[in-house]
Amino acid sequence: MAPVSNKRARAQVASTECKKAKVVDPITEKIELISNTIRESECQMQDSHREMLLLALPHVLTVPSDERHEYQTQVAQMVGTVLSDYVAHWEQQVSESKANIGASIQKAAETMKHVEESVVTIDNQEEEVKKCKGVVHEDSEALKAADEASQCASKEVANFDENLKETIAQRDHCSSIYNENFVTLKTGGLDAKDVARLMKEVQPMLKKLSTESSLLSAIAPAFKKSPAERGPFDNMAIEGAEAVFTKHLGELQEQIDKADVIKAEKLSTETTSQDALKAATEKATASEDMLKAAEEELASLEAKHIDLLAACNAASDASNASEAVVAGKEGRLVEVQLALRTFTDLLERQSITPEPAADVSSMVEDKLEAVCESSPMEPALVA
């Protein structure tokens, strides 16, 4: 026996599969769609009523409308009422959900507006904190300067009496050198040894009093000469040195004479500086308190902003969830509406009247005539 070819084998398999394919009756499929819709728990009715309709459906909708009994028609009307009510139920669900989504969208917009306003408020408060920090820095520097001035004034008052004693001692020492040494040298008539001894006291004092070096160098030669031998330059040098002594002694004496007045001024300065220090301290403390309050306010605003942001996110999530709910309910509404339309199609379906069969012989003759007219036969040739 010859082997079966692959092509023939595939044809046999395909034929077998076609034979096995299940043919689905469209009416049965539609009835199943309607039945599944009625079975849903949200399609509210008594269980006994639901069971009765589900049992009756295949026996009602498979029958065309013009062939149904009165009982079948009544059952079909019940099914129509149930489906219509079910469609109305989902229409109401969609309507309510859309109203809810409108409210949730408005709430999300309001919370977002609050968040945006919070950002502006925080920015303004940050500027306020920055400004307060600048004031604190300025007041701190002013307080530091006032404290230094107060300490200096207090120190001058505390040391005034000792400084006065030192001034009197300086006057007495300078006056002694001037009267006992300088005047003796100016008078002259001394030997070189006495001149050298006295100059050891005069020159350091003049140098201490910031006397010009040219004047210092001119004094020694002038004092070595007798008054008669001194020239104009010598006398000018001696007079210049004497003026240095006189000026310094006068300044010291003036300080001593005005000691009470100067001390009173220093006491007044001390009081003024202490008052200024107190005011600077109070101002610095006030500015620090303002900075602390501004920082606390900023921290409070930032904490509130976190709460507002969380509320905004929650409102946004709720809005998105509402949209998803609406989409889901709209999808269910479409499915239920499809079930109702399918039911309406089956409800209104009528029986199909077959067309009368055509006369086969007449059809054959018509076709032959058409062929002859389109292709006439050639006449036979005569020999």
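Add 33 to a position in the sequence shown, counting from 1, and you land on the number used in the numbering used here. Glycine residues also receive a C-beta, built at the ideal position from the N, C-alpha and C atoms. In this text, all values refer to a predicted model and were calculated from it rather than measured experimentally.
Where the alpha helix (DSSP H) through residue i begins and ends
i: SER320; result: 292-381
i: THR106; result: 103-210
i: VAL216; result: 216-220
i: GLU65; result: 59-72
i: GLU84; result: 80-94
i: PRO237; result: 225-241
i: ALA251; result: 246-257
Proximity of residue i and residue j at Cβ, strictly below 9 angstroms
i: ALA251; j: ASP267; result: yes
i: LEU282; j: ARG230; result: no
i: LEU331; j: ILE155; result: yes
i: VAL148; j: LEU342; result: yes
i: LYS140; j: ALA348; result: yes
i: VAL115; j: MET78; result: yes
i: SER384; j: GLU100; result: yes
i: LEU366; j: GLU124; result: yes
i: SER352; j: ILE138; result: yes
i: ALA255; j: PHE215; result: no
i: GLU363; j: VAL127; result: yes
i: HIS338; j: SER151; result: yes
i: ALA317; j: SER173; result: yes
i: CYS185; j: MET323; result: no
i: THR106; j: ILE64; result: no
Of the listed residues the options, nearest to residue i (C-alpha basis)
i: ALA175; options: GLU330, VAL358, LEU324 and ALA309; result: ALA309
i: GLU284; options: ILE339, GLU234 and ILE201; result: ILE201
i: THR304; options: GLY221, GLU315 and VAL190; result: VAL190
i: GLN110; options: LEU379, ILE385, SER384 and GLN383; result: LEU379
i: LYS325; options: ASP99, SER151, GLU129 and VAL168; result: VAL168
i: VAL208; options: ARG83, THR95, PHE278 and GLU381; result: Checking the sequence, you will find Ser at residue 208 rather than Val. Ranking the options by Cα distance to SER208, first place goes to PHE278.
i: ALA354; options: SER81, ASP58, ALA136 and LYS63; result: ALA136
i: GLN286; options: THR144, HIS206, GLU368 and LYS63; result: HIS206
i: GLN236; options: LEU249, ASP322, THR61 and GLU143; result: LEU249
i: PHE193; options: LYS296, LYS163 and ARG382; result: LYS296
i: ILE289; options: ASP340, GLU195 and HIS82; result: GLU195
task = Please confirm if the stretch 78-89 is in contact with the stretch 354-361, defined as three or more CB-CB distances below 8 angstroms between the two stretches.
result = no
query = For the 8 angstroms Cβ check, are there 3 or more pairs between the stretch 298-318 and the stretch 178-185?
reply = yes
ask   = Three or more C-beta pairs closer than 8 angstroms, one from the stretch 369-379 and one from the stretch 64-80: is that the case here?
value = yes
message = Does the stretch 244-264 come into contact with the stretch 215-233, if we say contact requires no fewer than three beta-carbon pairs (one atom in each stretch) closer than 8 angstroms?
response = yes
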